[in-house]
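Novice: Here's a structure for you.
Protein chains in written order, with this note's numbering: chain A, 555 to 707; chain G, 535 to 860.
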């Protein structure tokens with residue numbers, strides 16, 4: 555019998571509702587497949603020290619944000635397991651980076667790891683907002699190579 | 535840091551470096567924390583040297599009255615007699631609003647110090663050093679650049695647009711290109727300018743170089759760290775190409791036939807009353823340059839993601855521009 559290699563899915567996670575929907579989407583569509591593994595990734599921007607009056611303020615903010623995102627990643631992982639993913643096929647990764655663009659960091663972080671698809675939610679920013687501050691999903695769509703991109707609205 | 539100069543030494547230096555003697559009692563500060571108190575005629579001691587405060591600076595834009603910047607002083611360096619700009623730490627954080635969007639802004643002396651160090655040898659930036667006062671305040675002492683702002687210089691050219699574009703625009707565009715390369719240099723070191731405006735470029739009267747000033751502003755970026763800086767560069771480009779802002783109101787008043795040809799996609803994506811598709815108004819603007827401008831309009835297929843892309847297009851546009859210049 556012909557066997558297929560296991561598929562690897564990357565889900566880019568942030569605090570947004572549509573990111574949560576992206577996790578639900580993967581759970582619903584792929585939860586029953588035994589040969590799919592998932593990685594939940596959050597790229598946390600290294601906070602600019604300039605924004606805080608003191609190093610202590612920065613560290614406090616950073617620790618709080620990190621704990622919050624670790625919680626979101628773990629909760630997302632549990633949802634995938636509840637949907638049928640084997641626990642050993644769902645991993646989480648929180649990466650702290652200084653990012654010129656978040657999308658670039660997500661793609662750098664996962665380059666050459668052989669993911670078959672990258673799934674993320676679209677925040678739905680306006681054209682003006684995208685112009686001034688960018689859009690992660692647009693950046694991913696424009697620059698992703700050698701993998702499919704699923705954008706969940 | 536303790537005072538290392540006696541009052542007599544300070545008075546000697548004041549008499550040696552200033553044209554007019556001090557007409558008030560000598561007041562010496564070694565702590566700049568209360569920048570409202572530090573006033574004209576006072577001395578601020580930094581790094582063992584005295585700086586005679588000459589007054590506060592002001593900043594004005596868009597016809598508004600100049601705003602006094604109490605934390606930015608003009609001063610005479612009592613070791614050399616040179617005029618300096620002294621910036622005292624002023625931390626502020628606020629939500630800025632533009633085109634219905636809100637974003638977090640803040641002023642960071644640390645950022646400005648880092649950039650001053652980074653650009654110490656770069657000809658297209660203001661230069662200066664950071665010195666700590668008695669209370670370890672990060673005070674920046676910067677050279678005073680003599681010369682007009684790019685905004686004032688362009689506005690001062692009393693030419694109709696066609697003559698401006700063919701006779702005066704070439705050196706302005708060259709100076710602007712240097713400025714964009716300078717911002718690309720900053721971005722290459724993962725630093726933003728943070729407050730790119732046409733009055734934050736000074737044309738150095740001594741060297742003719744275009745030089746960026748004021749790097750202490752920062753904004754909390756989202757996906758793209760440099761998007762807001764790029765927006766500022768696009769606005770300046772439109773200003774220098776148009777010989778001022780070209781607004782729909784101007785076009786309606788002065789060229790009503792052309793006004794009827796303007797569409798929403800011809801305008802600035804953020805400032806909806808400014809024309810970006812300037813070739814519609816001034817048809818001798820080469821297509822390549824106009825296409826660069828249109829990247830800042832809603833009609834663009836894509837927007838610049840980084841300064842390198844923008845610079846590449848500007849360098850290409852320059853090839854076409856050379857043929858326009860007399």
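For every residue, glycine included, the Cβ atom is placed at its ideal position computed from N, Cα and C.
(1) Return the chain-ordered ranges of every beta strand (DSSP E) run that is complete within the segment 599 to 687 of chain A and spans a minimum of 3 residues.
(2) Quick check for students: name the residue ranges of the beta strand (DSSP E) that lie wholly in the segment 614 to 687 of chain G, counting only runs of 3 or more.
(3) Quick check on the DSSP output: the alpha helix (DSSP H) that includes residue 763 (chain G) runs from which residue to which?
(4) Please indicate yes or no: does the CB of residue 567 (chain G) lie closer than 7 Å to some heavy atom of the ligand SAM?
(5) Counting only the same chain and skipping the five closest in sequence on each side, list residues whose C-beta sits under 6 Å from that of residue 653 (chain A).
(6) Using beta-carbon positions only, say whether residue 717 (chain G) and residue 841 (chain G) come within less than 8 Å of one another.
(7) Spatial neighbours of residue 547 (chain G) within its chain, please: C-beta separation below 8 Å, excluding the five flanking residues on both sides.
(8) Residue 748 (chain G): buried (16+ other C-beta within 10 angstroms of its C-beta) or exposed?
(9) Suppose the cutoff is 8 Å on Cβ atoms and the five residues either side in sequence are ignored; what does the same chain contact list for residue 504 (chain G) look like?
(10) DSSP has residue 611 (chain G) in a bridge; who is on the other side?
(11) Just to confirm my understanding: we take residue 698 (chain A), look at its own chain, exclude 5 residues before and 5 after, and list those with CB closer than 8 Å. What are they?
(12) For residue 750 (chain G), does the count of other Cβ atoms within 10 angstroms reach 16, so buried, or fall short, so exposed?
(13) In angstroms with no decimal places, state the Cα-to-Cα distance between residue 597 (chain G) and residue 780 (chain G).
(14) Spatial neighbours of residue 731 (chain G) within its chain, please: C-beta separation below 7 Å, excluding the five flanking residues on both sides.
(15) Between the segment 770 to 786 of chain G and the segment 817 to 827 of chain G, do three or more beta carbon pairs fall short of 8 Å?
(16) So what does DSSP say about residue 695 (chain G), is it helix, strand or coil?
(17) Find the residues of chain G that neighbour residue 576 (chain A), judging by a C-beta separation of less than 8 Å, and give them in chain order.
(18) Using three-state DSSP, classify residue 591 (chain A) as helix, strand or coil.
(19) Quick test of the definition: if touching needs 3 or more C-beta pairs under 8 Å, does the segment 703 to 722 of chain G touch the segment 782 to 801 of chain G?
(20) Taking the Cβ atom as the reference point for each residue, do residue 580 (chain G) and residue 610 (chain G) lie within a distance shorter than 8 Å?
(21) Run through DSSP, which three-state label would residue 590 (chain G) get?
(22) By the DSSP assignment, the beta strand (DSSP E) with residue 578 (chain G) in it spans what residues?
(23) Give the residues of chain A in contact with residue 660 (chain G), contact being defined as C-beta atoms less than 7 Å apart.
(24) Taking 8 Å as the CB-CB limit, is residue 773 (chain G) close to chain A?
(25) Any beta-carbon of chain G closer than 8 Å to the one on residue 609 (chain A)?
(26) Can you check which of these residues, G:655, G:728 and G:745, is closest to residue 736 (chain G) by C-alpha distance?
(27) Can you check which of these residues, G:803, G:764 and G:551, is closest to residue 838 (chain G) by C-alpha distance?
(28) Which first and last residues belong to the beta strand (DSSP E) in which residue 753 (chain G) is found?
(29) Under a CB-based cut-off of 8 Å, is residue 596 (chain G) close to chain A?
(30) Quick one, which residues of the segment 673 to 684 of chain A are near chain G if we go by CB-CB under 7 Å, in chain order?
(31) Quick check on the DSSP output: the beta strand (DSSP E) that includes residue 562 (chain A) runs from which residue to which?
(32) Going by beta-carbon coordinates alone, are residue 646 (chain A) and residue 628 (chain A) separated by less than 8 Å?
(33) Let me know if residue 706 (chain G) comes out buried or exposed under the rule of 16 or more other beta-carbons within 10 Å of its beta-carbon.
(34) Let's see if you can read the secondary structure: which residues bound the beta strand (DSSP E) around residue 703 (chain A)?
(35) Tell me, which residues are paired with residue 746 (chain G) by DSSP?
(36) Look at residue 671 (chain G) and residue 566 (chain G) and say whether their C-beta atoms are less than 8 Å apart.
Specialist: Straight from the coordinates:
(1) Counting only runs of 3 or more, we get 644 to 651 and 671 to 675.
(2) For the segment 614 to 687 of chain G, whole beta strand (DSSP E) runs of length 3 or above, ordered along the chain, are 617 to 621, 627 to 632, 635 to 641, 662 to 666 and 672 to 677.
(3) Per DSSP, residue 763 (chain G) is one residue of the alpha helix (DSSP H) stretching across 761 to 776.
(4) The ligand SAM is not among the ligands present in this structure, which contains no ligands whatsoever.
(5) The answer, listed in chain order, is 599 and 659.
(6) Judged by their CB atoms, residue 717 (chain G) and residue 841 (chain G) are nearer to each other than the 8 Å cut-off.
(7) Setting aside the 5 residues that flank it on each side, residue 547 (chain G) is surrounded in the same chain by 539, 584, 612 and 613, each with a C-beta closer than 8 Å to its C-beta; the list follows chain order.
(8) Buried is the call here.
(9) Chain G is shown from 535 up to 860; residue 504 (chain G) falls before or after that span and cannot be answered.
(10) Residue 611 (chain G) has G:585 as its beta-bridge partners, per DSSP.
(11) Excluding five sequence positions before and after residue 698 (chain A), the CB atoms of its chain that fall closer than 8 Å to its own CB belong to 661 and 672, given in chain order.
(12) By the 10 Å Cβ count, residue 750 (chain G) comes out buried.
(13) Because the pLDDT at residue 597 (chain G) is just 44, under 50, the model does not fix this residue reliably, and the value given afterwards should be weighed accordingly. Their backbone Cα atoms lie some 16 Å apart in a straight line.
(14) Hits under 7 Å: 766.
(15) Using a Cβ-Cβ distance cut-off of 8 Å, the segment 770 to 786 of chain G and the segment 817 to 827 of chain G are in contact, since at least three pairs of beta carbons, one from each stretch, lie closer than that value.
(16) Reduced to three states, the DSSP call for residue 695 (chain G) is helix.
(17) Result: empty, since nearest Cβ-Cβ is about 16 Å, beyond 8 Å.
(18) In this structure, residue 591 (chain A) counts as strand in the three-state DSSP scheme.
(19) Contact annotation: the segment 703 to 722 of chain G does not touch the segment 782 to 801 of chain G, with fewer than three C-beta pairs closer than 8 Å.
(20) Taking 8 Å as the Cβ cut-off, residue 580 (chain G) and residue 610 (chain G) do not qualify as a contacting pair.
(21) Taken through DSSP and simplified to helix, strand or coil, residue 590 (chain G) comes out as strand.
(22) Segment 577 to 580, the beta strand (DSSP E) holding residue 578 (chain G).
(23) Identification of chain A residues near residue 660 (chain G) by a Cβ-Cβ cut-off of 7 Å yields none; the smallest Cβ-Cβ distance measures about 18 Å.
(24) No, its Cβ sits nowhere closer than 8 Å to a Cβ of chain A.
(25) No, residue 609 (chain A) lies away from the interface with chain G (no Cβ there is under 8 Å from its Cβ).
(26) If we check each option's Cα against that of residue 736 (chain G), G:745 comes out closest.
(27) With distances taken between Cα atoms, residue 838 (chain G) lies closest to G:764.
(28) First-last of the beta strand (DSSP E) with residue 753 (chain G): 751 to 753.
(29) With a pLDDT of 45 at residue 596 (chain G), under the threshold of 50, the modelled position of that residue is not reliable, and the figure given next carries that caveat. No, its Cβ sits nowhere closer than 8 Å to a Cβ of chain A.
(30) Against chain G - using a Cβ distance shorter than 7 Å - the residues of the segment 673 to 684 of chain A are 681, 682 and 683.
(31) For residue 562 (chain A), the enclosing beta strand (DSSP E) stretches over residues 561 to 566.
(32) A contact, by the Cβ cut-off of 8 Å.
(33) Its Cβ being crowded by 16 or more others within 10 Å, residue 706 (chain G) is buried.
(34) Note, residue 703 (chain A): beta strand (DSSP E), 702 to 706.
(35) Paired residues: G:659 and G:735.
(36) Yes, the Cβ-Cβ distance between residue 671 (chain G) and residue 566 (chain G) is below 8 Å.
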